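Chains as they are written, first to last, in the numbering used here: chain U, 1 to 333; chain Z, 1001 to 1336; chain G, 2001 to 2314.
Built from N, CA and C at the ideal position, the CB exists for glycine as well.
In this text the structure is predicted, and so the values were computed from the model without any measurement.
Presented below is the structure to which this report refers.
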Amino acid sequence: MSSGVLTGSRDPLPTPAGASPPERRGAADSSASWRLTDRIGLGFAWFLGLLFCAITLAIVAFLAVQGIRYLRPELLWTNPQVGFNQNETGGFLDPIIGTFLVAGIAIGIAGPVGVGVAVWLSEYGRPTALARVVESTVEMLAGAPSVVLALFGILLFDSKVLGFLSETTSDGVVFGKSFFAAGAMLSLVALPLVVSTVREGLQAIPNHVREASYAVGKSKTATIRRVLLPAARPSVITGHMLGIGHVIGDTAIIVLLLGDTQTLQGVGNVPLWGILRGTGSTLTSYVFDNAPTGDLNQPNKAYAAAFVLLVIILILNVLVDVFGRRSRELRWS
Amino acid sequence: MDEEFLEDEDTGLSQDQRAELGLGALVCLVVLVLLAMLAFIFQEAWASFSHNGLHWFGPGGNADQQIQAIFTSGDLKQTPKFLLHAWPMIWSTILTTVGSVVISFVCSLFVAVFLVEFAPGWLKRILEPVVRLLASVPSVIYGLIGVLVLVPFIGNHLVSEKAQASVTPVISLNGYSLLAALVILSVMISPIMIAIFSEGLRSVPRGWLEGSLALGVNRWRTFWNIAVRTARPALIAGTVLATARALGESVMLSMVGGSTAFAPNPADGLIFFVEPSRGLAATILHNTDELNSPPMRHTLFAIAAVLLFSSAALSLAGWAAKQPMKRYFNVGGTAA
Amino acid sequence: MELRKPPPVRRLTPGAKVTPQPGPAAPQAPPAFGPHAPANGAVNGHAPASFVTARRTQRPPVPTVDRMQVEELSIAYGSKLAVKSVSLPIRQGEVLALIGPSGCGKTTLLRSLNRLTELTKTASLTGRITLDGLDISTLEPTALRRRVTMVFQQPNPFPMSVFDNIAYVLREQAKRRPRRAALRSSVEDALARAGLLDEVADNLDHPALRLSGGQQQRLCIARALAAQPEVLLLDEPCSALDPQSTKVIEDLVVKLREEVAVVIVTHNLQQAHRIADHVAFMYLGELVEYASAGALFATPREQRTKDYVSGAFG
């Protein structure tokens, strides 16, 4: 059979301005044609997806409603007091301050240490056996329950050596519970997050950037300090914020290591140092104590405090999203 | 002139070498802290284990009474008592952990598949930040909702008078129950799983999915057979992380699970779900005020040692599960 | 167990040997036109493209059967027309090559043949494509894609063993999950047709991703053949491969044309000259010229074709 010569040399279709040629779709890949098990699977996925949305919405709405109902502005700047009913027991200024203090200490330790460990893992990592041990350590810390970390903290800070970090009674018994103690153990909670985030950020920087820096004669230290870390800054910030988020939400370590006094009870006369050596509470322990299962049992206050806590975490999450997006916009090639 | 490049004449070490040593020391410090934690905890725990031997893990007697006896014996005048058969608490931990992980795994997998492939665009954009937000809600807030909403619901609507009467001498069915614990724990660990599963599913090369579609396989089966199968390392990583969270959860469980160390028996029938129980981590939290009594201290550290060992074993199991998959494709070790 | 037994391979010349016969030592005096015109020497006063003097892959002549027909097809992404009113026949027994510079719509045209363009939300289509007389838009996409299969530019074997890659298609087609032993013969048959069986026969459980690039691509071809298609679409299958693998796949394609209709998109003019029977030159979405391979390369009718084939642009 001879092949005819077909040319397509007709006038091209006039390109419509802004409108597309009339669409004609045939039997699309609708799920009506699939096997029954496939359709059940898809239906199940839809059902669970929507259920998840519904549950999330319910939780957020419920907390928002109850929180706004019970949150009065003066709660934010008055301290807890002894009282008989919920109108008299004051607000939770000290717990809010406590939250920030404890987060500050924890990230103050975990931040630099975490960045250092991440830099070592990503840029050095010799000998490889040590690198693997370090990776396993970080993973174990990530998986350790916070009650266990709290108990370890009790062991550490009860010892006389670290007595200066908390209160010591006149006969030499170390109290062992203070902001320092809680903050130190919380830094172990934040550390794995900082390490993994910063490490990922550093590993995402392609090698040609490092090679370019070495090629102009910079030492490795200078490269890390002047090129790599600034480039990984979004990851560093994200890691810090994720760590802070975890620290703010932790209750077990606070309950065991912060002494659980409603207001900040400083020790000694030195201004900040005394407070950090002393006991107090945070929003999480405040909620824990005011829940029906806690000692104080003031549900209204608990709702209000929970709402404030949630708002803080929401803000942190938004910030993490913003910085995360900025790091994704960084293009290397 | 970059003066950092000059060698330090005194020590003979360049700045680079000093930096490497310094960071290496920092890293060793971190490892030492963990080793110290392991050592101290197991050391404190030893007294309790050595007194009970393997019976520590077994059933026998009322665990609450045993704990009480341990505490009171801490008084200097008495000989310390260490007797503890922790099985009720171990069983409770197993039930809540395994139960919530299984429920959550199934649901999270389907939600992740939905989120990555089948959800309409606007829903995807809403759900992604929502999942991340839920993953960062503190457990105490979950506990608060549980105790103020779910527990009264269970106590008032799901527990009948008859059921109450049938168990009264031993426990009281007031809504603080296994069911509440399971529900809230599942909701709590789902966002972790969903986030990690979605990340894994999204990183499947599109070429594989397109190739499967081009061979005449429909979208659902393509996604399930290729993407979910390829994302198995992420599935394992997410499950391990979520299980670790469930295992160590103390605060929320102590708020909704009830405060009796009771081992719910599945053979009891439906009532099994509304019976209270208290796991290992919650037990520690419950008894922290009594830490100054030495035998109590040893006992609580023993419980902590069991928890620590379990979470380490979990990590190991996760690593081992990923190994056979490395043969068929490059398994990235980064996911969590 | 309802596993479709592979039908006997539908060769069009039942007695013909499958392996390409080594031809005579030097080309004989050939006809001036037609599929076997080697076109050395000026015809019609035009200087042919320089590679046209190279030998085309030897092949026994086979009769052809119409499989698909593209009629007045236009495809647009949003408001931008990618393919403008193209009409082409696709026949079993011949290799149809789509050539043209980048962005001219040849890949879009190829992907519309098995309705993969539907995966892009903004794509829309007018015109008709028929398979054995049936409008393909009336068929289920999954059924269509089993009859018209595609091999992509980047080899994309699944992260499974060689056996499972091919068995994947067979398992999906069967009503109940067939046992491995039952699948073995079909898998080996597909591998044989793709010329890969000798190299992997000793270990069918070898991970597919550990094969070389050329082997992976032949595995993808075997996988596409396992579905027993009527039309095989190849989207620049050799562009990521080295010359040896390319030669192997080109020989394979020529051999396969007896069993399936082959449409190959390529930007490599020499490749099109070597293996194609008919060539369609597309430029900016239009079908500029459609002719037998010898005629198009030696004596192109359109000026644009002349310019492209001689390398004036590309």
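Sort out for me which residues DSSP pairs residue i with in a bridge.
i        : result
V2148(G) : V2231(G)
I2099(G) : F2281(G)
E2071(G) : R2128(G)
K2080(G) : Y2077(G)
P2089(G) : Q2069(G)
L265(U)  : Per the sequence shown, residue 265(U) should be read as Gln rather than Leu. BP columns for Q265(U) point to T279(U).
P2207(G) : S2161(G)
A2123(G) : Y2077(G)
P2134(G) : Note on identity: in this sequence residue 2134(G) is Leu, with Pro being the wrong assignment. DSSP output for L2134(G) lists L2131(G) as bridge partner(s).
P2060(G) : Paired residues: none, contrary to the question.
P80(U)   : G90(U)
Where do the N-terminal and C-terminal ends of the alpha helix (DSSP H) with residue i fall, by residue?
i        : result
P1059(Z) : Element bounds for P1059(Z): n/a, residue is neither H nor E.
D157(U)  : Note that residue 157(U) is Phe in the sequence shown here, rather than Asp. F157(U) -> alpha helix (DSSP H) spans 146–158.
V1131(Z) : 1121–1135
F44(U)   : 36–70
Y124(U)  : Unbroken run through Y124(U): none, as it is neither H nor E.
I1020(Z) : Before going further, note that residue 1020(Z) is Glu rather than Ile in the sequence given. Per DSSP, E1020(Z) belongs to the alpha helix (DSSP H) from 1015–1052.
F1309(Z) : 1294–1322
G1074(Z) : Counting along the chain, G1074(Z) falls outside any alpha helix (DSSP H), and DSSP gives it neither H nor E.
Y1142(Z) : 1139–1145
I109(U)  : 93–119
W1087(Z) : 1087–1113
Y2308(G) : 2303–2309
I1189(Z) : 1178–1202
For the beta strand (DSSP E) containing residue i, list its first residue and its last residue.
i        : result
S2292(G) : 2286–2292
I2264(G) : 2261–2265
Applying the 10 Å Cβ sphere with the 16-neighbour rule, what's the burial state of residue i?
i        : result
A2224(G) : buried
T2138(G) : exposed
N1287(Z) : buried
F1049(Z) : buried
E74(U)   : exposed
H1157(Z) : exposed
N1265(Z) : exposed
R2274(G) : buried
I68(U)   : exposed
G322(U)  : The identity of residue 322(U) in the sequence shown is Val, whereas the question assumes Gly. It is exposed - the Cβ of V322(U) has fewer than 16 other Cβ atoms within 10 Å.
L51(U)   : exposed
R25(U)   : Reliability of the predicted coordinates at R25(U) is poor, the pLDDT of 41 falling under 50, and no value is obtained from them.
Counting only the same chain and skipping the five closest in sequence on each side, list residues whose C-beta sits under 8 Å from that of residue i.
i        : result
N317(U)  : G245
P2157(G) : N2165, A2208, L2209, L2211, Q2216, L2219, C2220, R2223
P2022(G) : Note on P2022(G): pLDDT 46, under 50, position unreliable in the model; no value is reported.
In its own chain, which residues sit with a C-beta less than 6 Å from the C-beta of residue i, not counting the 5 before and 5 after it?
i        : result
R2145(G) : N2114
A1047(Z) : H1298
L296(U)  : D289, N290
V138(U)  : P192, V195
K2306(G) : P2300
A397(U)  : In this structure chain U extends from 1 to 333, so residue 397(U) is not present and cannot be described.
Please find out if some non-hydrogen atom of the ligand GTP comes closer than 7 Å to the beta-carbon of residue i.
i       : result
L130(U) : Within the structure as shown, the ligand GTP is missing, as the structure has no ligands at all.
I want to know whether the segment 2088–2101 of chain G touches the segment 2060–2073 of chain G - three or more CB-CB distances under 8 Å. yes
Are at least three pairs of beta-carbons, each pair with one atom in the segment 237–254 of chain U and one in the segment 1137–1154 of chain Z, less than 8 Å apart? yes
Can at least three beta-carbon pairs, one atom from the segment 1220–1239 of chain Z and one from the segment 1144–1161 of chain Z, be found at a separation below 8 Å? no
Touch test, the segment 1196–1206 of chain Z against the segment 1164–1172 of chain Z, Cβ-Cβ under 8 Å, three pairs minimum: no
Inter-stretch contact (C-beta, 8 Å, three-pair minimum) for the segment 2258–2277 of chain G and the segment 2075–2085 of chain G: no
Does the segment 149–163 of chain U touch the segment 216–227 of chain U, meaning 3 or more C-beta pairs lie closer than 8 Å? no
Three Cβ pairs or more, each shorter than 8 Å: is that satisfied between the segment 1059–1075 of chain Z and the segment 1027–1046 of chain Z? no
Spell out a yes or no on whether the segment 206–224 of chain U and the segment 143–150 of chain U are touching, meaning 3 or more CB-CB pairs, one atom from each, closer than 8 Å. no
At a cut of 8 Å, does the segment 1246–1257 of chain Z reach the segment 1097–1117 of chain Z through at least three beta carbon pairs? yes
Under 8 Å, with one C-beta from each stretch per pair, do the segment 1117–1129 of chain Z and the segment 276–284 of chain U reach the 3-pair mark? no
With three or more C-beta pairs closer than 8 Å as the rule, is the segment 1038–1047 of chain Z touching the segment 1291–1306 of chain Z? yes
How about the segment 2276–2285 of chain G and the segment 2229–2247 of chain G: do they share at least three Cβ pairs that are nearer than 8 Å? no
Between the segment 182–192 of chain U and the segment 113–120 of chain U, do at least 3 Cβ pairs fall closer than 8 Å? yes
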